[in-house]
Each structure stands twice: as structure tokens, then as C-alpha cells.
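Novice: Below is one structure. I have some questions about it.
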Amino acid sequence: MKTILVTGALGQIGSELVMKLRSLYGEDHVVGTDIRSNADDLGIGGGPYETLDVTDGKRFLDIGKKYRVDAVIHLAALLSAKAEAQPQRAWHLNMTGLVNGLETARELHCQFFAPSSIAAFGPSTPQDQTPQDTIQRPTTLYGVTKVSGELLCDYYYQRFGVDTRGVRFPGLISYVTPPGGGTTDYAVEIYYHAVQHKKYTSYIAAGTKMDMMYMPDALDATIQLMEADPTKLVHRNAFNISAMSFAPEDVAAAIQTRIPEFVLTYDVDPVRQRIAESWPNSIDPSCAVDEWGFRPRYDLESMTDDMLQKLRIKRGT
Ligand code: AKB
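Okay, so the sequence shown: first residue is 16 according to this note's numbering, each after it adds one.
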């Protein structure tokens, strides 16, 4: 990758990925784009920034041409809970945005990265150590857009030779930019509440396990896959990746060993609970390990140490 266009640059992943890419490839070689125009307020550095609604295919292509980009990392999308509340808008944003990104990559001969998600699986998928290639019948609109996106990225590679790559992200935990509208967001909120209030009310029920990963591992995985030797890639798109699998009481227990007075209670949200129950308990990342050397550094314990330390610094306590 030499010059990279990132969509959704002000989101949970984008804000940190843009900073990391700029430190590796040079500030001027990473073009941040987002539908919001206030990039300066959000601290993604001083490199190029353009306002982009990804459903506007002409502007997507024009920005790609203007900066002569050779890689597109397409992160702009509506997450699972928001998509369930606004299914038509989610379909339009997630699918039209993806097609516009793929078309830009096709015209400009770019590499292309699009994240899929554990949401690409559904209730009929094997729930434990879910294999890379298995039944995918998601029951959420977000999941439907993710399976469609996986297939479309494979199609663009096979039909047009676009160098598409991607992973199935689990829930991502970070202290920099909060997520918005996901089902796994509780696993971020719980840390903020632990530091600020020493208590948290979970909208996900006890015993509901989902795959998770700390943001530094997600950023490394994205860059590692984009830089991977293409001759080693059997799957290319939608690699299962995960660093840990836990339920709310597991993360609460990890917090309690560091903040003994922390209390977890429950007020289950039926919509997000139903989504969570339709996803696997844990997925098997062995194809990512074998094909491009995926190796996450953080588990629940080391992530909890780092999250609490960074959030205390952020709060000045
Ligand atoms: C969500 O909860 O919607 C996302 C995801 C797992 O894709 N974090």
C-alpha cells in the first residue's frame, strides 16, 4: 500500500486506523474520509481529509482519482442494532457504499479491504469454534449485508481481478473512539462505567458469549492482511478472526479483580439480546493463522489491564 483511502475515518476503527496508517506510510499517504465534516475536532491528525457520503459513487471515485490512491479501506457502515432499527437505510448505506468502493477499486486498480463480521453467521451456524466455511443464514439485516458483501468482494476478485481482502471482525474494544449502534458495544461501555461509576447495567444477558478483540490487534490484523503475500491467500475475504470469547459476567470478573467494588447488574434489551443469541459463541480463526499469520497479542486479562489504565489517564484520575 502506498496511498490509502479510508472511509468511515471518524468511526471507532477508522479514527485509530488512520493514525496508525499515517505513522507507517506517511501523513500525506492516508486520505481520511467520513460523512462528517469536522475532522479537526476528532483528532485524526493533519493529513488529507475529505467529506464523503459513500453512497455518492461519483465523489468516491473523484476522491480516489484526486489522490491517486492504490488501496481503499472501506469501513463506513451501519452496525447491527442501528441496522435493525433502520433496515432500509442500512441496506442502502452498507450495500451501495460497498458497490461504490468496489467500483472505485476496479476503475483505479486498487487493493480493497472491507470488514465482514461475526454477524455474517446465524442461528443455524455451528455455535462453538465456528469454522471458516460453514452455514451462513443470518437473521439480522446487518448480517444479510455482511454475507452479501463477502460474496460481492469474492465476485469482484474472480470477475474483475480486484485484489479484495477482508476479515470477519468480532466485537472490538477500545478506549479512543466509542462504537455506535452495535450489539457488542456493552463490552466497551462496561470499562468506561467501571472507571467512572464502579457499576454497570448490561443490556446483554448473563451467559451470552460473543467473540471479542482489542483494537490494537484489529488494526494489526487489517494491515497484516493487506500486506500479505497474495499467493498464500486461499480465502482472501471474510477471514474468521477472534482473540477471546466472553459473556458479561466474565469481563465483570476481570474488572472486579482490579476494582473490587465494581458491581454488574442486568436490564436485558430484547432486540440486542436476540441479535447476540443468533451469533456464534466462538469462531475458529485457524485459516487466518495459516494463510497470513494472524496472531492477536491481547487476551481478556491483558486487555483489561490496558483499558483501565488508559481510561484512567483519559479521565485524569
Ligand atoms: C456489532 O455489534 O454490530 C459489531 C459487529 C460484531 O459487527 N460490533
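Backbone N, C-alpha and C fix where the C-beta goes; we use that ideal spot for every residue, glycine too.
Please state whether DSSP places arginine 183 in a helix, a strand or coil.
Specialist: If DSSP states are grouped into helix, strand and coil, arginine 183 belongs with the strands.
Novice: Excluding sequence positions up to five away, which residues of its chain have a Cβ less than 7 angstroms from the Cβ of aspartate 71?
Specialist: Counting only Cβ-Cβ distances below 7 angstroms, and skipping sequence neighbours, we find nothing.
Novice: Tell me which residue opens and which closes the alpha helix (DSSP H) that methionine 322 is part of.
Specialist: Looking at the DSSP string, the run of the alpha helix (DSSP H) that includes methionine 322 is 315-330.
Novice: State the start and end residues of the unbroken alpha helix (DSSP H) segment that holds cysteine 169.
Specialist: It should be pointed out that residue 169 corresponds to aspartate in this sequence rather than to cysteine. Run containing aspartate 169: 156-175, per the alpha helix (DSSP H) assignment.
Novice: Which one of Trp307, Tyr281, Ser260 has the shortest CA to CA distance from isoleucine 133?
Specialist: Taking only the C-alpha atoms, the option nearest isoleucine 133 is Ser260.
Novice: With 8 angstroms as the threshold, decide whether the Cβ of isoleucine 256 is near any Cβ in chain C.
Specialist: Chain labels in this structure do not include chain C; a single protein chain is all it has.
Novice: Please confirm whether glutamate 165 and lysine 247 have their CB atoms less than 8 angstroms apart.
Specialist: No, they are not a contact pair.
Novice: Would you list the one or two residues that DSSP bridges to alanine 86?
Specialist: Alanine 86 pairs with Ile19, Gln126.
Novice: Is it right to say valine 249 is buried, meaning 16 or more other beta carbons lie within 10 angstroms of its own, or is it exposed?
Specialist: Answer is exposed; the Cβ neighbour count stays below 16.
Novice: Among Ala100, Met230, His212, Thr216, whose alpha-carbon lies nearest the alpha-carbon of arginine 312?
Specialist: The option with the nearest alpha carbon to arginine 312 is Met230.
Novice: Which same chain residues, not among the five before or five after isoleucine 50, have their C-beta less than 8 angstroms away from its C-beta?
Specialist: Taken in chain order, the residues that qualify are Thr66, Leu67, Asp68, Val69, Ala91.
Novice: Note down the Cα distance separating alanine 100 from tyrosine 170, rounded to an integer number of angstroms.
Specialist: Looking at the two C-alpha atoms, the distance is approximately 29 angstroms.
Novice: On the three-state DSSP scale, how would you describe aspartate 49?
Specialist: In the structure shown, aspartate 49 sits in a strand (DSSP, three-state: E or B).
Novice: Mind checking whether serine 257 and proline 153 have CB atoms under 8 angstroms apart?
Specialist: Cβ atoms of serine 257 and proline 153: not closer than 8 angstroms.
Novice: Closest to valine 21 by CA distance: which of Gly79, Leu39, Lys73, Val182 is it?
Specialist: Measuring from the Cα of valine 21, the nearest candidate turns out to be Gly79.
Novice: Which residues does DSSP pair with threonine 66 in a beta bridge?
Specialist: Partner(s): Asp49.
Novice: Near leucine 234, which residues of its chain fall below 8 angstroms by C-beta distance, leaving aside the five closest residues on each side in sequence?
Specialist: The answer, listed in chain order, is Ile28, Glu31, Leu32, Lys35.
Novice: Thinking leucine 93 and leucine 108 are a contact (beta carbons under 8 angstroms), I'd like their distance in whole angstroms, please.
Specialist: Leucine 93 to leucine 108, Cβ: 5 angstroms. Contact.
Novice: Look up threonine 237 in the DSSP assignment and say whether it is helix, strand or coil.
Specialist: Helix.
Novice: Can you find the residues in the same chain that come closer than 8 angstroms, C-beta to C-beta, to cysteine 302, ignoring five residues on each side of it along the sequence?
Specialist: Cβ neighbours of cysteine 302 beyond the five flanking positions: Gln147, Val249, His250, Phe254, Asn255.
Novice: Is the stretch 108-123 touching the stretch 264-279 in the sense that three or more CB pairs, one from each, lie closer than 8 angstroms?
Specialist: No, the stretch 264-279 does not touch the stretch 108-123.
Novice: With DSSP as the reference, label tyrosine 281 as helix, strand or coil.
Specialist: DSSP places tyrosine 281 in strand when its eight states are reduced to three.
Novice: Measure the beta-carbon distance from cysteine 125 to valine 182 and round it to whole angstroms, keeping in mind my assumption that it falls under 8 angstroms.
Specialist: With 8 angstroms as the limit, cysteine 125 and valine 182 do not qualify as a contact, their Cβ atoms being about 18 angstroms apart.
Novice: Nearest by alpha-carbon distance to glutamine 211: which of His44, Lys325, Leu156 is it?
Specialist: Of His44, Lys325, Leu156, the residue nearest in Cα terms is Lys325.
Novice: Please determine whether the Cβ atom of threonine 12 lies at a distance below 7 angstroms from any heavy atom of the ligand AKB.
Specialist: Absent from the structure is residue 12, since the part of the chain shown begins at 16 and ends at 332.
Novice: Could you name the residues of the same chain whose beta carbon sits closer than 7 angstroms to that of valine 45, not counting the 5 residues immediately before and after it, in chain order?
Specialist: Only Ile19, Val21, Val33, Leu36, Arg37, Gly62 meet the Cβ criterion.
Novice: Quick one, are the C-beta atoms of alanine 9 and methionine 16 less than 8 angstroms apart?
Specialist: The structure shown does not extend to residue 9, since the chain spans only 16 to 332, so no value can be given for it.
Novice: Pick out whichever of Thr149, Arg174, Lys224 has its Cα sitting closest to the Cα of isoleucine 290.
Specialist: Here the closest residue by C-alpha is Lys224.
Novice: When the Cα atoms are used, what is the spatial distance from valine 203 to arginine 104?
Specialist: Each residue's Cα considered, the two are about 25 angstroms apart.
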